[in-house]
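Numbered per UniProt numbering, the sequence shown spans residues 1 to 621. Accompanying notes for the structure given below.
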Amino acid sequence: MMDRNSVIGFILLSLLVVAYLYYNQQAQEKYLRFKAQQDSLARAAAGVAPDSLHPQIDTTQLQSDSSAILVANNRNVTERLDTIDNGVMQIVFTNKGAVPKQVILKNFQTYTGKPLLLKGNDFDQLSLLIPASNALPLHTSELYFQADTIQQLADHSYQLRYRLPLGKPDQYLEYVYIIRPHDYRISWQIHCVGMNQFIPPADQQIQLLWQAQANHQEKDITVERRDLQLYFKTSVGGHSDIDYFSFIKTQQKNFDQPLQWISLREEFFNVSIINTSGTFTGGTVQAQLPEQDPEIVGQMRAVLQLPYSHQPQLTYSLQLLYSPNDYALLKSYHIGIENIIPLGYGIYAFVKYINKWIILPVFLLLGKWIGNWGIVIVLLTIVIRLLISPLTYKSYLSQAKMKVLKPELDELRRKYKDDQQKFAMEQMKLFRMAGVSPLGGCVPALLQIPIFFALYSLFMSAIQLRQQHFLWVKDLSTYDSILNLPFKIPLYGDHVSLLTLLMTITSLIMAFYNKNNMAAAGNTGGQEMAFMKYMPFILPVFFLGFFNSLAAGLTLYYLVSNIITILIQLVIQHYIIDEEKIHQQIQENKKKPLKTSRWQQRLEEIQKAQTAAQQRNRTGR
Numbered sequence: 001m002m003d004r005n006s007v008i009g010f011i012l013l014s015l016l017v018v019a020y021l022y023y024n025q026q027a028q029e030k031y032l033r034f035k036a037q038q039d040s041l042a043r044a045a046a047g048v049a050p051d052s053l054h055p056q057i058d059t060t061q062l063q064s065d066s067s068a069i070l071v072a073n074n075r076n077v078t079e080r081l082d083t084i085d086n087g088v089m090q091i092v093f094t095n096k097g098a099v100p101k102q103v104i105l106k107n108f109q110t111y112t113g114k115p116l117l118l119k120g121n122d123f124d125q126l127s128l129l130i131p132a133s134n135a136l137p138l139h140t141s142e143l144y145f146q147a148d149t150i151q152q153l154a155d156h157s158y159q160l161r162y163r164l165p166l167g168k169p170d171q172y173l174e175y176v177y178i179i180r181p182h183d184y185r186i187s188w189q190i191h192c193v194g195m196n197q198f199i200p201p202a203d204q205q206i207q208l209l210w211q212a213q214a215n216h217q218e219k220d221i222t223v224e225r226r227d228l229q230l231y232f233k234t235s236v237g238g239h240s241d242i243d244y245f246s247f248i249k250t251q252q253k254n255f256d257q258p259l260q261w262i263s264l265r266e267e268f269f270n271v272s273i274i275n276t277s278g279t280f281t282g283g284t285v286q287a288q289l290p291e292q293d294p295e296i297v298g299q300m301r302a303v304l305q306l307p308y309s310h311q312p313q314l315t316y317s318l319q320l321l322y323s324p325n326d327y328a329l330l331k332s333y334h335i336g337i338e339n340i341i342p343l344g345y346g347i348y349a350f351v352k353y354i355n356k357w358i359i360l361p362v363f364l365l366l367g368k369w370i371g372n373w374g375i376v377i378v379l380l381t382i383v384i385r386l387l388i389s390p391l392t393y394k395s396y397l398s399q400a401k402m403k404v405l406k407p408e409l410d411e412l413r414r415k416y417k418d419d420q421q422k423f424a425m426e427q428m429k430l431f432r433m434a435g436v437s438p439l440g441g442c443v444p445a446l447l448q449i450p451i452f453f454a455l456y457s458l459f460m461s462a463i464q465l466r467q468q469h470f471l472w473v474k475d476l477s478t479y480d481s482i483l484n485l486p487f488k489i490p491l492y493g494d495h496v497s498l499l500t501l502l503m504t505i506t507s508l509i510m511a512f513y514n515k516n517n518m519a520a521a522g523n524t525g526g527q528e529m530a531f532m533k534y535m536p537f538i539l540p541v542f543f544l545g546f547f548n549s550l551a552a553g554l555t556l557y558y559l560v561s562n563i564i565t566i567l568i569q570l571v572i573q574h575y576i577i578d579e580e581k582i583h584q585q586i587q588e589n590k591k592k593p594l595k596t597s598r599w600q601q602r603l604e605e606i607q608k609a610q611t612a613a614q615q616r617n618r619t620g621r
């Protein structure tokens with residue numbers, strides 16, 4: 001059954017869902033209107049290829065400078081590549097710049113089945129910008145380091161050492177990388193020895209240039225660009241704060257506060273730089289979405305500042321992170337980087353606590369026991385429905401009482417057909433006498449609001465669902481498509497999702513079933529109900545377009561939830577709730593002394609005053 005308050009709750013839930021989905025759809029469409037020429041990075045790079053957006057060393061202008069000598073000394077050096085496999089990553093290092101040239105995550109593939117590269121294109125760059133006596137800094141990415149052989153340490157970690165001489169034996173720049181087994185982090189130590197004789201005294205910092213490109217690796221590049229964000233953690237006076245910006249909204253940002261880490265978050269993966277020995281004192285970031293290239297999601301260029309104190313020896317300890325967006329994994333690093341996973345944000349940020357403390361632990365626990373994540377979602381749906389089942393039962397019980405009171409409500413409606421306020425007062429009085437809560441049918445619908453937004457955030461970002469099969473669904477992290485259309489239907493899309501169709505059908509079945517119960521309970525009167533009774537039929541069709549492009553895992557949850565709701569209604573109404581006993585209980589409640597709360601007394605006084613005022617107005621006329 002669905003009484004008036006149930007319908008109101010359902011409509012309220014639906015409107016909030018529509019508002020939330022509309023907001024996300026607008027964000028997706030906004031990037032389509034984003035123009036590269038509006039980006040300061042693109043303007044600065046007008047007329048050049050994407051892989052040349054960073055300044056290059058012009059050796060013809062530096063022949064008399066120390067940096068020119070370094071470049072000249074490296075002209076005859078060839079590139080050397082070293083590959084390290086730690087079980088979860090395959091990392092290719094190059095002595096040119098002494099940085100990782102390619103990083104492949106071994107346990108993952110792209111949507112098309114290719115190796116998943118988080119680093120390995122011409123745009124990517126990692127370079128120290130060392131101040132020199134001329135105006136332009138020295139770019140280490142342009143220089144060849146002396147490479148040591150790979151060493152395996154006692155704990156089975158790999159160590160790789162690079163050194164760049166700076167003209168004298170006691171002047172050099174040294175990189176030491178340590179790669180631990182089955183770890184997505186690369187420890188990076190930077191040793192500056194004797195560089196105080198090389199760096200001008202007026203310079204108080206060394207800059208770290210980081211260029212990164214997110215490539216198209218998932219099914220829907222629209223979603224990839226929507227989810228492309230830059231997260232960063234600031235630290236001031238012992239207080240830390242984590243913030244982010246989206247590439248579709250921000251093209252440039254200056255950091256005026258110290259940074260502990262900065263992370264390029266893609267839909268399911270991230271590339272991050274972490275300062276484990278202190279903080280970056282500041283920096284700038286430029287971002288762009290190159291729409292002209294369908295294989296590139298986005299590009300960014302960050303310049304981070306490392307403080308330099310002109311000591312004879314100075315060491316910076318950093319970490320390079322190339323990892324999946326796995327909440328438990330990132331949380332184990334204890335630096336707050338798990339917050340790059342959006343378990344709840346915006347006006348619905350409060351649902352992240354529901355995810356962190358309730359839904360996500362249950363979700364991961366079920367995943368440990370069961371190998372199929374589709375079955376996990378089905379079981380999670382059952383668990384959630386069991387948790388709210390007491391409220392659901394009370395809702396159906398309240399609706400059954402409303403059905404029993406139908407004859408008396410009809411009599412009141414006929415008696416006060418010309419005085420709605422008087423009818424409302426007598427109706428509330430009848431409810432109190434019978435022990436019926438008029439809001440009983442509203443609570444379960446309202447409870448679904450935070451649950452929906454929590455599950456939306458979880459299923460749209462859970463890497464556990466990525467490329468996981470269930471029945472005909474090939475990937476639970478994106479929409480299931482049984483038919484690709486040669487055209488695009490407004491508010492629907494260019495494909496047909498079978499899960500969404502089934503969810504819509506079950507929603508309509510519920511609407512038809514509840515319509516009959518509303519009629520039996522006498523909730524068809526009034527102009528407002530004439531409108532409300534059609535909403536359960538309109539909204540499922542409206543949601544057909546929204547859910548058509550959402551993650552199949554989310555749609556599967558609501559399909560199973562609809563089926564469970566139908567079964568629960570049938571069982572409770574036909575086998576648990578006895579209307580004759582309810583009628584007897586109501587009659588007994590009427591015999592008890594009527595207790596009125598202060599709020600109810602105040603409401604009755606207001607209604608009586610309004611009724612008296614209306615009567616005086618009629619008499620005056």
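No residue lacks a Cβ here, since even glycine has one placed at the ideal position from N, Cα and C.
May I have the straight-line CA-CA distance separating residue i from residue j, to the nearest angstrom?
i	j	result
N372	Y327	19 Å
A552	L209	39 Å
V575	Q569	Before going further, note that residue 575 is Tyr rather than Val in the sequence given. In a straight line, the C-alpha of Y575 is about 10 Å away from that of Q569.
Q427	F547	40 Å
P165	H182	33 Å
L160	I178	7 Å
L171	L343	The amino acid occupying residue 171 in the given sequence is Gln; Leu does not appear at that position. C-alpha separation (whole angstroms): 48 Å.
Q288	I248	8 Å
I69	A202	For I69, the predicted model reports a pLDDT of 46, less than 50, meaning its position is unreliable; a value from the coordinates is still stated below. Rounded to the nearest angstrom, the two C-alpha atoms are 22 Å apart.
V560	T381	7 Å
Y416	L430	14 Å
T284	N196	25 Å
N514	I377	26 Å
P536	Q420	26 Å
Y456	N215	25 Å
G336	L409	57 Å
M402	V436	8 Å
Going by DSSP, what residues sit across from residue i in a beta bridge?
i	result
M89	L105
M195	Beta-bridge pairing links M195 to no other residue.
T94	L81 and V99
E174	R163 and H191
S246	Q229
A202	According to DSSP, which records beta bridges pairwise, A202 is partnered with nothing at all.
H156	The partner list for H156 (beta bridge, DSSP) is empty, contrary to what the question assumes.
A147	Y162
D241	T234
Determine the DSSP secondary structure at residue i, reduced to helix, strand or coil.
i	result
R265	strand
L228	coil
R80	coil
I377	helix
Y111	coil
S457	helix
H574	helix
W210	strand
A609	helix
R414	helix
P131	coil
I388	coil
I370	coil
L136	coil
R180	coil
A462	coil
K219	coil
A168	The sequence as given places Lys at residue 168; Ala does not occur at that position. Looking at K168 - three-state DSSP - the assignment turns out to be coil, as it is neither helix nor strand.
Contact the stretch 91-105 vs the stretch 140-156: 3+ CB pairs below 8 Å: yes
Does the pairing of the stretch 104-114 with the stretch 81-91 give three or more beta-carbon distances under 8 Å? With the cut-off at 8 Å, the stretch 104-114 and the stretch 81-91 touch.
Assess contact between the stretch 350-363 and the stretch 306-318, defined as three or more Cβ pairs (one per stretch) separated by less than 8 Å. Is contact present? no
In chain order, which beta strand (DSSP E) runs of at least 3 residues are fully inside the stretch 328-354? none
Would you call the stretch 323-338 and the stretch 262-278 in contact, with 3 or more CB pairs under 8 Å? yes
Kindly confirm or deny that the stretch 293-305 and the stretch 222-233 touch, where touching means at least three C-beta pairs closer than 8 Å. yes
Whether or not the stretch 380-396 and the stretch 414-424 are in contact is what I'm after, with contact meaning three or more pairs of Cβ atoms, one per stretch, closer than 8 Å; do they touch? no
In chain order, which continuous runs of the beta strand (DSSP E) of length 3 or greater are located wholly inside the stretch 245-321? 252-255, 259-265, 269-275, 282-288 and 296-307
With three or more C-beta pairs closer than 8 Å as the rule, is the stretch 331-350 touching the stretch 448-461? yes
Contiguous beta strand (DSSP E) assignments of at least 3 residues, all confined to the stretch 471-504: Counting only runs of 3 or more, we get 483-489 and 493-496.
Is the number of C-beta pairs between the stretch 468-487 and the stretch 118-133 that are closer than 8 Å three or more? no
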